[in-house]
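Structure record follows, encoded as structure tokens.
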Amino acid sequence: MAPLKILLLEDDPPLRQAVAGLLEEAGYRVTCAEDVYEAEGYALSELFDLYLVDVVLPDVDGFTFLRRLRERGDQTPAIFLTARDQVEDRVRGLSVAGGDDYVVKPFSSEELLARIAAVLRRSGKVDPHGTLSVGPIRFDPAQGRVVVRGTPIELTPTEERLLLTFLRHPGEVLPRERLLASVWGDEGEVDERSLELYIHYLRRKLRPFGLERAIETVRGRGYRLLRWEEEDRPL
Numbered sequence: 001m002a003p004l005k006i007l008l009l010e011d012d013p014p015l016r017q018a019v020a021g022l023l024e025e026a027g028y029r030v031t032c033a034e035d036v037y038e039a040e041g042y043a044l045s046e047l048f049d050l051y052l053v054d055v056v057l058p059d060v061d062g063f064t065f066l067r068r069l070r071e072r073g074d075q076t077p078a079i080f081l082t083a084r085d086q087v088e089d090r091v092r093g094l095s096v097a098g099g100d101d102y103v104v105k106p107f108s109s110e111e112l113l114a115r116i117a118a119v120l121r122r123s124g125k126v127d128p129h130g131t132l133s134v135g136p137i138r139f140d141p142a143q144g145r146v147v148v149r150g151t152p153i154e155l156t157p158t159e160e161r162l163l164l165t166f167l168r169h170p171g172e173v174l175p176r177e178r179l180l181a182s183v184w185g186d187e188g189e190v191d192e193r194s195l196e197l198y199i200h201y202l203r204r205k206l207r208p209f210g211l212e213r214a215i216e217t218v219r220g221r222g223y224r225l226l227r228w229e230e231e232d233r234p235l
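In structure tokens, the structure reads:
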């Protein structure tokens with residue numbers, strides 16, 4: 001199973017390096033940004049499992065960065081890192097900007113890792129055993145395979161990466177360019193037709209379980225994996 005991806009937005013170089021090293025040692029894949037403009041470029045072109053966002057930044061603050069993403073429909077979990085510990089700052093970060101947690105500097109390594117794990121767990125990114133699941137579709141890391149309604153299904157490595165991306169972002173509309181970056185990375189000669197082909201492959205493998213409509217095409221925007229509780233219970 002590919003490591004979970006974290007975007008770290010922090011303008012202080014020593015702290016950014018220390019936090020990135022901590023996260024990488026814990027098994028996360030980390031992308032670092034030193035300002036909002038760099039972070040927005042990453043967030044709009046790649047898919048992440050968590051944002052770690054400093055609040056006090058040059059030019060534009062972390063609250064504004066996350067609020068902009070939320071306005072675009074990005075529901076990626078986010079934790080603010082800041083020396084601001086006033087109640088009004090916490091309320092603004094969690095309620096107005098759309099953050100999921102708020103960690104006050106200085107913080108311990110253990111606390112940060114525990115809060116990251118808790119936010120990922122609450123968001124459905126992982127359960128305590130590392131399993132990813134949406135309705136009857138489940139990835140079991142112990143077995144290293146996808147199970148649907150209790151039955152293992154055979155997937156190619158590319159099909160598995162694509163399905164895991166959907167499982168990590170249930171209900172979210174994922175733009176085609178971000179899916180391409182997440183699944184194929186820097187591989188050349190991969191275009192939207194390749195993505196459409198692999199979406200077709202996944203739907204075909206889900207069809208015997210009555211789940212061919214689980215991956216929805218959102219015209220002009222991308223694709224999404226429907227949540228179990230959505231209307232008509234498509235899964």
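Numbering (the UniProt record's numbering), first residue to last: 1 to 235. Ideal Cβ placement from N, Cα and C applies to all residues, glycine included.
Length of the line joining the Cα atoms of residue i and residue j
i, j, result
"ASP232", "TYR223", "Unreliable positioning characterises ASP232 in this predicted model, as indicated by a pLDDT of 48, which lies under 50. The coordinate reading is nonetheless provided below. Their Cα atoms are separated by approximately 18 Å."
"ARG115", "GLY99", "13 Å"
"LEU94", "VAL56", "16 Å"
"PRO77", "THR151", "30 Å"
is_contact[residue i, chain B] using C-beta, thresh 8 Å
i, result
"ASP85", "Judged by its chain identifiers, the structure shown contains no chain B, having just a single protein chain."
Reduced DSSP secondary structure (H/G/I, E/B, other) of residue i
i, result
"residue 236", "Outside the shown range of the chain (1 to 235) lies residue 236, about which nothing can therefore be said."
"LYS97", "Rather than Lys, the amino acid found at residue 97 in this sequence is Ala. Reduced to three states, the DSSP call for ALA97 is coil."
"PHE139", "strand"
"THR60", "With the sequence shown as reference, residue 60 is identified as Val, and Thr is not the correct amino acid for it. Coil."
"THR76", "coil"
"ASP89", "helix"
"ALA117", "helix"
"LEU15", "helix"
"THR31", "strand"
"GLY41", "helix"
"ARG145", "strand"
Residue nearest to residue i in terms of C-alpha spacing, selected from the options
i, options, result
"LEU50", "LEU162, VAL173, ILE6, LEU211", "ILE6"
"GLY135", "VAL147, GLN143, PRO141", "VAL147"
"GLY185", "THR165, GLU34, LEU113", "THR165"
"ILE199", "PHE209, LEU179, GLY210", "LEU179"
"PRO3", "ALA39, LEU47, GLU172", "LEU47"
"LEU23", "SER108, GLU212, VAL218, LEU167", "SER108"
"ILE137", "GLY144, ARG149, GLN143, ARG145", "ARG149"
Cβ shell of residue i (< 8 Å), same chain only, five flanking positions each side left out
i, result
"ARG176", "GLU192, LEU195, GLY222, TYR223"
Same chain, Cβ closer than 7 Å to residue i, five either side skipped, listed in chain order
i, result
"ALA20", "LEU8, VAL30, CYS32"
"ASP11", "GLU34, ASP35, ASP54, LEU57, PRO58"
"ASP140", "THR131, VAL147"
"GLN75", "GLU172"
"LEU69", "ALA43"
Supposed contact pair residue j and residue i - C-beta distance, whole angstroms, cut 8 Å
i, j, result
"LYS105", "LEU66", "With 8 Å as the limit, LYS105 and LEU66 do not qualify as a contact, their Cβ atoms being about 17 Å apart."
"LEU202", "LEU163", "6 Å"
Contacts around residue i, its chain only, beta-carbon distance under 6 Å, and the 5 residues preceding and following it disregarded
i, result
"LEU113", "ALA26"
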